[in-house]
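Asks: No gaps in the numbering here: position 19 of the sequence shown is 23 in our numbering, and each next residue is one more.
Virtual Cβ for every residue (Gly too), placed ideally from N, Cα, C.
Quantities reported herein were computed from a predicted structural model and do not represent experimental measurements.
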Amino acid sequence: MTREATAAELSEPLRAWLASDAHDVDGWADDLPLERLRCHPDLVERVTQISRPVPGTCRVWVDGCPVVHHPAGAPIACATGTSRLVIRSAQAAGALVSGWRTPGLDAEWVDLDPWAADVAFAHALELLRMHLRRAYDLAEAGTWP
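(1) Tell me the rounded alpha-carbon separation between Leu47 and Trp148.
(2) For the putative contact between Leu142 and Arg92, defined by C-beta atoms under 8 angstroms, what is the C-beta separation to the nearest angstrom?
(3) When you compare the segment 25-41 with the segment 60-74, are there three or more beta-carbon pairs, one atom per stretch, that lie closer than 8 angstroms?
(4) Between the segment 37-47 and the segment 68-84, do three or more beta carbon pairs fall short of 8 angstroms?
(5) Using the beta-carbon count (16 or more within 10 Å), is Glu16 buried or exposed?
(6) In this structure, does DSSP put Leu89 in helix, strand or coil?
(7) May I ask you to report which of helix, strand or coil DSSP gives Leu142?
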């Protein structure tokens, strides 16, 4: 089974959530118990590492997966499984290119490798934060490409 073949595993509730910008979100939701997660705890921590430094970000849980939002309701990042991370940055993945291809999302959603083995740890975090910051800024301006 290829990564492209497993891409369809993104749950329908999660896919539908990411397709809408009309969510009432507020604050940073507490962590879920392990048995309710559909995202590896290490990936949840990585999403937290890149999202919390961006002032104003909100986190909700959708079908056991962390979804990061702009406070106006637009989802800007999501993680699921052990290594799937999508960020709505509308820019090329560059050094963070992922083997995943998540179907059913608008073109501004970019699949990124949260564990980029060929990139130094601190640099990878900074690149991920740059994608997240770009997504936040696009949501702030309401100007998705």
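Replies: Here's the rundown:
(1) For the purposes of this step, residue 47 is taken as the residue at position 43 of the sequence shown. For the purposes of this step, residue 148 is taken as the residue at position 144 of the sequence shown. In a straight line, the C-alpha of Leu47 is about 26 angstroms away from that of Trp148.
(2) Here residue 142 corresponds to residue number 138 of the sequence shown, with the count starting at 1. Here residue 92 corresponds to residue number 88 of the sequence shown, with the count starting at 1. Contact between Leu142 and Arg92 holds: CB atoms are separated by about 7 angstroms, below the 8 angstroms threshold.
(3) The segment 25-41, when compared against the segment 60-74, does touch it at the 8 angstroms Cβ threshold.
(4) Output reads yes: the segment 68-84 touches the segment 37-47.
(5) Counting from one through the sequence shown, the residue named residue 16 turns up at place 12. It is exposed - the Cβ of Glu16 has fewer than 16 other Cβ atoms within 10 Å.
(6) On the sequence shown, residue 89 is found 85 positions in, with the first residue counted as 1. In the structure shown, Leu89 sits in a strand (DSSP, three-state: E or B).
(7) Reading the sequence shown from its first residue, position 138 is the one you call residue 142. It is helical.
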